[in-house]
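Structure first, then comments.
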Amino acid sequence: MDYLLDDDALEFRDEMRSFASSIPRQMLLDMDAEKIVFPREFLEEAGRRHLLGPRFSENYGGRSLPWTAEMAGLEEIGVLGTSLACLWSLISIVGEAIEAFGTEEQKEHFLVPMLRGELAAAEGLTEPRGGSDFFGAVTTARRDGDAFVLNGQKRFVVGAEGADVILVYARIEDEPDPKKGMTAFLVERGEGVEVENVYELMGTRGGGTGRLVFRDVRVPLENVLGGEAGLGHGTEVFHRMMVPERLTSAGGAVGMGRACLEIATRYADRRHAFGRKVRQFEGVSFKIAEGLTQLDAARALNHSAAAAIDRGVAAGPARRLVSEAKYFSTEAAWQVVNHSMQILGGIGYTNIYPVERMLRDVRLITIWTGTNEIMKLVIQHEFYREFRDLHFPGRDLEDDASGAGLPGEKIYGGPEEL
Ligand SMILES: Cc1cc2nc3c(=O)[nH]c(=O)nc-3n(C[C@H](O)[C@H](O)[C@H](O)COP(=O)(O)OP(=O)(O)OC[C@H]3O[C@@H](n4cnc5c(N)ncnc54)[C@H](O)[C@@H]3O)c2cc1C
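Numbering follows the numbering used here, with no gaps: position 99 of the sequence shown is 319.
Here you go:
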């Protein structure tokens, strides 16, 4: 779908492809090992190549590229699997919050080194009591002079072990309304921030995903995102961050699906059974056709959602498109990777090919960055809002839905029969 991209986007996409293919195989294997060491050199190399946060302003070290270009690049990094793609994406996600809401000092202190690959970022939203119900978060921040004292915990934080700065949401202690009290803090690793558990995961092992506990962690006012003006504005930060949160998942998903489908396609052209190439059996080749169609549809939807953001489409419809992209692409990737393993037969279930690692990785992406159930909740919610403004020519459809019957029409089971 190169015809959807302009020259700058194509150039960025090609640089990302060349970076992804330069990643040593050993690093990918290390990302899946029992004891993971945070892959700082991956971020450093991406920073050296000027590939992190491409849509951020050139003033801070980005490239001022549109979302459509970033989506094209994300597909290339997705090919490496969720661990590395997520570390790349976290710069985009946390960077969005800092660029949009941070003070100039925060941009210089955090965003600039993040884009150089010198500062690893993480985000702490999910708590043990639940991730979907974000505003039910119970981590609190108590004001104490020119600082805040944080208490609480965040679960499933990628980079809990390894990241230098964590964007943490906490409620200002004396504000009873969670939406008004929610505030984003840039917490630097230090005294009081404890990694209590690094999870043993089914896949996506390379990020150092763990549970962080904050026990009387003192965060200076200058680390409140946006400073004094940022107090109580966490809700806006959250909604803004959900765009990169979900688009990065959507973009990476297509890369994962593509990588596995390419392996399966090549394999089916070489593998023989019953005297023919297995691709000559429809049971195999139709899976390839279906997978290709799903990925093309996902890529087109992703591009459309990215273009909507670039063109400043209103928040509601944009949120719907972004959620559709995340939902559709991650479901498509899950099916494509699963079918790719089926095409490979038994060898697909071994670690000879990366498909089994990808299958373990891809299972996650329908769950994180907002589960796909939450995506559907957002999609229908936003559609009902848009729906109110839609106008149908002729009769008002409400008449029929009321159950009272349209003029001159008898409805069986309608009120007049009861
Ligand atoms: C490997 C990994 C890495 C992660 N990385 C991060 C990270 O870096 N930072 C971070 O903050 N979080 C991270 N997460 C957390 C992730 O975003 C959450 O797991 C996810 O949002 C779901 O929250 P939960 O696990 O608490 O499930 P719950 O919210 O408890 O949901 C349980 C089930 O109920 C469903 N459900 C809940 N509410 C509704 C509803 N209203 N309608 C329909 N269904 C509903 C959900 O879809 C789900 O199926 C990560 C998770 C994992 C596993």
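All C-beta atoms, glycine included, are put in the ideal place defined by N, C-alpha and C. Keep in mind the model is a prediction, meaning the values are calculated, not measured.
Annotation note: the stretch 475-504 contains no uninterrupted alpha helix (DSSP H) run of length 4 or greater. Per the Cβ contact rule, the stretch 341-351 is not in contact with the stretch 221-229 (fewer than 3 Cβ pairs under 8 Å). The stretch 400-460 is shown to contain no whole alpha helix (DSSP H) run of 4 or more residues. The residues Leu-467, Gly-471, Asn-522, His-523 and Ala-526, in chain order, have a CB closer than 7 Å to that of Met-291 in the same chain once the five nearest residues on each side in sequence are set aside. With a cutoff of 7 Å on beta-carbon distance, Ala-488 and Val-463 are scored as not near each other. Going by C-alpha positions, Met-334 is about 18 Å away from Phe-239. For the 7 Å CB-CB criterion, Tyr-573 and Ile-508 do not form a contact. Boundaries of the beta strand (DSSP E) harbouring Asn-371: 367-377, taken from the DSSP string. If you look at Glu-278, you'll find it isn't in any alpha helix (DSSP H); DSSP assigns it neither H nor E. Val-299 and Arg-577 have their alpha carbons spaced roughly 12 Å apart. Of all alpha-carbon atoms in His-559, Val-257, Met-561 and Tyr-547, the one lying nearest the alpha-carbon of Thr-591 is that of Tyr-547. Straight across, the Cα-Cα distance linking Arg-283 with Gly-623 is about 57 Å. Exposed is the label assigned to Tyr-604, since fewer than 16 other Cβ atoms lie within 10 Å of its Cβ. Here the distance from the Cβ of Val-418 to the nearest heavy atom of ligand 1 is not below 6 Å. Between Ala-340 and Gly-379, the beta carbon gap of about 6 Å places them in contact (Cβ cut-off 8 Å).
For Thr-550, the enclosing alpha helix (DSSP H) starts and ends at 535-564. Cβ-Cβ distances below 7 Å link Ile-392 to Ala-361, Gly-401, Thr-403, Leu-451 and Gly-452 in the same chain, with the five nearest sequence neighbours on each side left out; the list follows chain order.
Exposed is the label assigned to Gly-495, since fewer than 16 other Cβ atoms lie within 10 Å of its Cβ. Looking at the backbone, the Cα of Asp-436 and that of Gln-373 are separated by about 11 Å. In the structure shown, the three-state DSSP call for Thr-589 is coil. Residue pairing for Ala-390: DSSP places it in a beta bridge opposite Thr-403. Taking C-beta separations shorter than 7 Å and ignoring five residues to either side along the sequence, the partners of Arg-336 in its chain run Gly-267 and Gly-281, following chain order.
The C-beta distance from Ile-594 to Arg-540 rounds to 13 Å, too long to fall under 8 Å, and the pair is not in contact. Here Gly-511 is near Leu-481, since their CB atoms are less than 7 Å apart.
Around Thr-513, the same chain offers no residue with a beta carbon nearer than 8 Å, after the five sequence neighbours per side are excluded. Secondary structure note for Thr-288: its alpha helix (DSSP H) is the uninterrupted segment 287-298.
Per DSSP, the continuous alpha helix (DSSP H) segment holding Glu-316 begins and ends at 302-321. For Ala-320, same chain residues with a beta-carbon under 6 Å away, outside a window of 5 residues either side, are Arg-460 in chain order.
Here Glu-544 has Leu-521, Ala-525, Met-595 and Ile-599 as same chain residues with Cβ atoms under 8 Å from its own Cβ, once five neighbours each way along the sequence are excluded. Set against 6 Å, the gap from the CB of Thr-550 to the closest heavy atom of ligand 1 is not smaller. Here Asp-364 carries a strand assignment [DSSP, helix/strand/coil].
Classified as exposed, Ser-242 has fewer than 16 neighbouring CB atoms from the shown chains inside 10 Å of its CB.
Between Met-251 and Gly-536, the CB-CB gap reaches or exceeds 7 Å. Between Val-444 and Phe-405, the CB-CB gap stays under 7 Å. Leu-249 is classed as exposed because its beta carbon has fewer than 16 other beta carbons within 10 Å across all chains shown.
Taking 6 Å as the cut-off, one finds no heavy atom of ligand 1 near enough to the beta carbon of Trp-308.
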